[in-house]
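Numbering of the sequence shown is given in this note's numbering, commencing with residue 1059 and proceeding in unit increments. All C-beta atoms in this analysis are idealised placements derived from N, C-alpha and C, irrespective of residue type, glycine included. The model shown is predicted, which means the values in this text are computed figures rather than measured ones. To keep things clear, I will list the structure first and then write my remarks on it.
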Amino acid sequence: MSSRTRIVIVGATSAIAEHCARVWLESRPADLVLLGRDRQRLERTANDLGVRSPHSDIRIVQADFLDAVAIQAVVGDILQQGGVDIVLIAHGSLPDQRGCQSDLAACRDALEINGVSPVLFAEAFADRMAEAGRGTIAVIGSVAGDRGRKSNYVYGAAKGLITRYVQGLQHRFAGTKLRIVLIKPGPTDTPMTAELKGQGARLASVESVAREIVAGIDAGKATVYAPGKWKIIMTVVRHIPAVIFNRLEI
């Protein structure tokens, strides 16, 4: 087996995930496994990373992100081929809140892809990596999961699920060599947030967010807010009394 770091990225075609991969490959070649739903986008991502790091071994895997049996199978196949040092679970979508309110199918889909699917992937990796006695599982949630707001509470509910799940996983593996990292990006300038940018929202650059995420994972932090200022902001938001909070247009 290669002595290089083996990294699995679930949702590898997302802008944040792709930039995290670039940061990792800046310092050293690695063995990358890129999971996604769209093979053409996976191939473009892999080709770009391959040009940036010609000595890295990059493999793409097209996967079903909602079927539990398929997720278990694809994770089993990856782990059968060798140990994993880092798993980054980075997929999701930003749904239209009003659409979710009027269309229950859209509401269900948003909850599944943003909440249930990342949990299933993390759970599938956890037992086998714990048996190996090493590794890091990092799951991207969101600051939106810190408190429900009328502007995005379906998305926020899914990310709140991620927060509680990862906290439980951290508790489960406390004192072991398997590290669990919860990542909470703030609004970031990616294709997913193009509409927010069009509305004048101030967004962090995807490059800076990716660097903070990679630094936090490499340092083994339990929780990574990216940018870091969101830790302070969301602490304030969580503690605003309901009588005041309910009057806010946020």
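Original post:
How close, in whole Å, do the beta carbons of L1107 and L1124 come, if the pair is a contact with beta carbons under 8 Å?
Top reply: So it is not a contact: roughly 26 Å between Cβ atoms.
**OP:** For F1183, decide whether its Cβ has a neighbour in chain C, counting only Cβ atoms nearer than 8 Å.
**Re:** Note that chain C does not occur in the displayed structure, where there is just one protein chain.
Subject >> Whole-angstrom distance between A1079 and G1069, CA atom to CA atom >> reply: Our two residues, G1069 and A1079, have alpha carbons roughly 12 Å apart in a direct line.
**OP:** Starting from the C-beta of M1059, find all residues in its chain whose C-beta is less than 8 Å away, skip the five residues before and the five after it, and write them out in chain order.
**Re:** A caution first: M1059 carries a pLDDT of 40, below 50, which makes its placement in the model unreliable, though a value can still be read off. For M1059, where only same-chain residues beyond five positions count, the Cβ hits under 8 Å are G1140 and G1141.
Original post:
Below 8 Å between beta carbons: does that hold for F1179 and V1119?
Top reply: Remark: C-beta atoms of F1179 and V1119 do not approach each other more closely than 8 Å.
Original post:
What three-state label does DSSP hand P1112 in the structure shown?
Top reply: If DSSP states are grouped into helix, strand and coil, P1112 belongs with coil.
Subject >> Reduced DSSP category for R1301 - H, G, I as helix; E, B as strand; rest coil >> reply: Per the sequence shown, residue 1301 should be read as Val rather than Arg. DSSP places V1301 in helix when its eight states are reduced to three.
**OP:** Run the CB neighbour count on N1105, radius 10 Å, all protein chains shown included, and call it buried at 16 or more, exposed below.
**Re:** N1105 should be labelled exposed.
Subject >> Per DSSP, cross-strand counterpart(s) of P1243 >> reply: When beta bridges are read from the DSSP output, P1243 appears opposite A1284.
**OP:** Within the region 1137 to 1173, note down every full beta strand (DSSP E) run reaching 3 residues or more, in order along the chain.
**Re:** Complete beta strand (DSSP E) runs here, min 3: 1144 to 1147.
Original post:
Should R1062 and D1096 be called a contact, given that it needs their Cβ atoms to be closer than 8 Å?
Top reply: Cβ atoms of R1062 and D1096: not closer than 8 Å.
Original post:
Hey, L1227 and D1247: beta-carbon distance below 8 Å or not?
Top reply: In this structure, D1247 does not lie closer than 8 Å to L1227 by Cβ.
Original post:
Nearest CA to the CA of K1235: which residue from R1099, M1187, D1154 and A1128?
Top reply: Per the Cα distances, M1187.
Subject >> Contacting residues, own chain, Cβ-Cβ under 7 Å from E1170 (five flanking each side not counted) >> reply: Once the five neighbours on either side are set aside, the close Cβ partners of E1170 are L1124.
Subject >> Limits of the alpha helix (DSSP H) - the one that A1079 falls within >> reply: Element bounds for A1079: A1073 to S1085.
Subject >> Segment contact, 8 Å Cβ cut-off, at least three pairs: the region 1146 to 1161 with the region 1189 to 1200 >> reply: Because the criterion of three Cβ pairs below 8 Å is met, the region 1146 to 1161 and the region 1189 to 1200 touch.
**OP:** Report the option in S1175, S1111 and G1214 whose CA atom is closest to the CA atom of I1129.
**Re:** Of S1175, S1111 and G1214, the residue nearest in Cα terms is S1175.
Subject >> Beta-carbon gap between R1207 and I1308 smaller than 8 Å >> reply: Using a Cβ distance threshold of 8 Å, R1207 and I1308 count as a contacting pair.
Original post:
Just the Cα atoms here: how many angstroms apart are L1077 and S1266?
Top reply: Before going further, note that residue 1077 is His rather than Leu in the sequence given. Straight-line Cα distance between these residues: approximately 9 Å.
Original post:
For A1280, does the count of other Cβ atoms within 10 angstroms reach 16, so buried, or fall short, so exposed?
Top reply: Classification of A1280: exposed, given that the 10 Å Cβ count is below 16.
Original post:
Span of the beta strand (DSSP E) holding R1064?
Top reply: In this chain, the beta strand (DSSP E) harbouring R1064 covers R1064 to V1068.
Original post:
Taking just the CA atoms, how far does G1191 sit from A1259?
Top reply: When the Cα atoms are used, A1259 and G1191 turn out to be separated by approximately 43 Å.
**OP:** Go ahead and label V1066 buried or exposed: buried means 16 or more other beta carbons lie within 10 angstroms of its beta carbon, across all protein chains shown.
**Re:** The residue is buried, with at least 16 neighbouring Cβ atoms inside 10 Å.
Subject >> Cutoff 7 Å; reference T1071; Cβ partners in own chain excluding five residues on either side >> reply: So the qualifying residues of the chain are G1094, D1096, R1099, L1100 and T1103.
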